[in-house]
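In this text, residue positions in the sequence shown follow the UniProt record's numbering: the first is 1, and each later residue adds one. Where a beta carbon is used, it is the ideal one built from N, C-alpha and C, also for glycine.
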Amino acid sequence: MDQLLLVFITVAEKKNFSRAAEELHMTQPAVSQYIQTLERTIGSRLLDRTNKYVRLNKAGEIVYHHAKEMVGLYTKMQNLVDDLTNKASGELAIGASYSFGEYVLPHIIAYLREHYPLIKPAITIGNTKEIERLVVNRQLDVGVVEGEFQHEKLTFEPFAEDEMYVVASIDHRLARKKVMKFSELEVETWIVREKGSGTREATEKMFQLFEETPVQLMEFGSTQIIKESVEAGLGVSLFSKWAIRKEVTAGSLSVLRMKGTPIKRKFSLVTTTDPFQPKAVEVFMSLLRKDFAEAVPEVKI
Numbered sequence: 001m002d003q004l005l006l007v008f009i010t011v012a013e014k015k016n017f018s019r020a021a022e023e024l025h026m027t028q029p030a031v032s033q034y035i036q037t038l039e040r041t042i043g044s045r046l047l048d049r050t051n052k053y054v055r056l057n058k059a060g061e062i063v064y065h066h067a068k069e070m071v072g073l074y075t076k077m078q079n080l081v082d083d084l085t086n087k088a089s090g091e092l093a094i095g096a097s098y099s100f101g102e103y104v105l106p107h108i109i110a111y112l113r114e115h116y117p118l119i120k121p122a123i124t125i126g127n128t129k130e131i132e133r134l135v136v137n138r139q140l141d142v143g144v145v146e147g148e149f150q151h152e153k154l155t156f157e158p159f160a161e162d163e164m165y166v167v168a169s170i171d172h173r174l175a176r177k178k179v180m181k182f183s184e185l186e187v188e189t190w191i192v193r194e195k196g197s198g199t200r201e202a203t204e205k206m207f208q209l210f211e212e213t214p215v216q217l218m219e220f221g222s223t224q225i226i227k228e229s230v231e232a233g234l235g236v237s238l239f240s241k242w243a244i245r246k247e248v249t250a251g252s253l254s255v256l257r258m259k260g261t262p263i264k265r266k267f268s269l270v271t272t273t274d275p276f277q278p279k280a281v282e283v284f285m286s287l288l289r290k291d292f293a294e295a296v297p298e299v300k301i
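If you want it as C-alpha cells, here you go:
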C-alpha cells in the first residue's frame, strides 16, 4: 500500500503521469497501473484526466490528504527503527515562523551541520498557523514558532526568550526622543503582519497592554516588506530584535524608547504528541534547549 500511495502522491503533485514516472524512475504504463490499482482498492476514481492535465477530484483530495500523513508516519517509523543502531542522520524537515526562520534559524542550521553533518535539514518558512498545520499533518518533523499556543494534537515547549521593539524611520518625529509614552503613537499608521502570525499576536497583545487601539492599520504578509515600509516613513511597527539588528546598527531604522518595552515573548518548539521522535528531531530539539546561546550570537538593541 505504501508504494501505491507514494505513486499517487507523486502524480497528484506533478499533475502529469510522464513527469511522475520520471520522478519515480518508472515507466508511464507502470504508473498508470498503480493508480488504477489504488482506485480499485479505494472504490472510486481519484483523478480527473484530460490530454492537458491530471488533477485531483473530491475523492482524490481526501485520499491525498490522508496519504501524505500515512507516508509520513511510515517514513518516521522506519527512521525510528534505524535510529536504534545508527547515529543521528537523514532528512530533517524543520518549519519556522518568519522572524525565527529568517533571522535566527540560519545560525542554528550552521551549528547543526558542523556538529551533526549526517543530518540533512530542509527548511519551510511560514506564519505560525501554517507551521502548526504542517506539523499536525506530519509534513514537518518539528516546528519553531513565536508565542505560546495550544493545540490538542501538538506539544509546545518554550526554549528561549525574544524581545520586541517599536521601530520607526530615522526621520520620524519621535526618533530622537529619549523616553516617550505609547499614547503618542496612537495617531500613527501601524504596519502589521497578517492574522495567524506570531508577530501579529504580539502586536495585538501590546495594544491591549497599553490600552490603546491605533486608528490606522496596514497589513502586510512579509517582515521584509514591513521593514522597507517603515524605513520609507509609511508608519511604525513592532519587530523582534533579531529582525532589526542590522538596520539599527546601520542607522536606517530607529528604536522608539518607551516604558513597558521591550515586549517579551517565547520561542517555542512544536512537535506532535507522539511518544517517539526520530533521533535527528531529538538532536535538533536538544540543541535548541541546551546550546541556543552558543549557536546564536548575542543581539543587543
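Identity of the residues DSSP links to residue i by a beta bridge
{"i": "V167", "result": "S237, V255"}
{"i": "E91", "result": "K120"}
{"i": "E219", "result": "V192"}
{"i": "I263", "result": "M164"}
{"i": "A21", "result": "Partner(s): none; A21 has no beta bridge."}
{"i": "A96", "result": "I125, V144"}
Nearest-angstrom beta carbon gap, residue j and residue i [assumed within contact, 8 Å]
{"i": "I94", "j": "V135", "result": "The pair is not a contact, with the Cβ atoms about 10 Å apart (cut-off 8 Å)."}
{"i": "V54", "j": "F8", "result": "Not quite, the Cβ-Cβ distance comes to about 11 Å (not below 8 Å), so this is no contact."}
{"i": "K187", "j": "R200", "result": "In the sequence as presented, Lys is not what sits at residue 187; that position holds Val. Wrong, their Cβ atoms sit about 21 Å apart, outside the cutoff."}
{"i": "A280", "j": "G90", "result": "6 Å"}
{"i": "A168", "j": "L256", "result": "6 Å"}
{"i": "S237", "j": "E157", "result": "Not really, about 28 Å apart at Cβ, beyond 8 Å."}
{"i": "R265", "j": "G147", "result": "5 Å"}
{"i": "G60", "j": "A12", "result": "7 Å"}
Per-residue burial, residue i [other beta carbons within 10 Å of its own, 16 or more giving buried]
{"i": "I35", "result": "buried"}
{"i": "M77", "result": "exposed"}
{"i": "K227", "result": "buried"}
{"i": "I225", "result": "exposed"}
{"i": "M218", "result": "exposed"}
{"i": "V81", "result": "exposed"}
{"i": "E152", "result": "exposed"}
{"i": "G126", "result": "buried"}
{"i": "P297", "result": "exposed"}
{"i": "T273", "result": "exposed"}
{"i": "Q3", "result": "exposed"}
{"i": "Q150", "result": "exposed"}
{"i": "V270", "result": "buried"}
{"i": "E114", "result": "exposed"}
Reduced DSSP secondary structure (H/G/I, E/B, other) of residue i
{"i": "M26", "result": "coil"}
{"i": "R45", "result": "coil"}
{"i": "T271", "result": "strand"}
{"i": "V299", "result": "coil"}
{"i": "K68", "result": "helix"}
{"i": "K52", "result": "coil"}
{"i": "K14", "result": "helix"}
{"i": "A232", "result": "coil"}
{"i": "Q277", "result": "coil"}
{"i": "V104", "result": "coil"}
{"i": "D291", "result": "coil"}
Near the ligand GTP: residue i beta-carbon under 7 Å from a heavy atom
{"i": "P106", "result": "As for the ligand GTP, it is missing from this structure, which has no ligand bound."}
Give the list of continuous beta strand (DSSP E) stretches no shorter than 3 residues that lie fully inside the segment 144-207.
154-169, 189-192
Review point. Which residue spans inside the segment 115-142 form an unbroken beta strand (DSSP E) run of at least 3?
Key: 119-125
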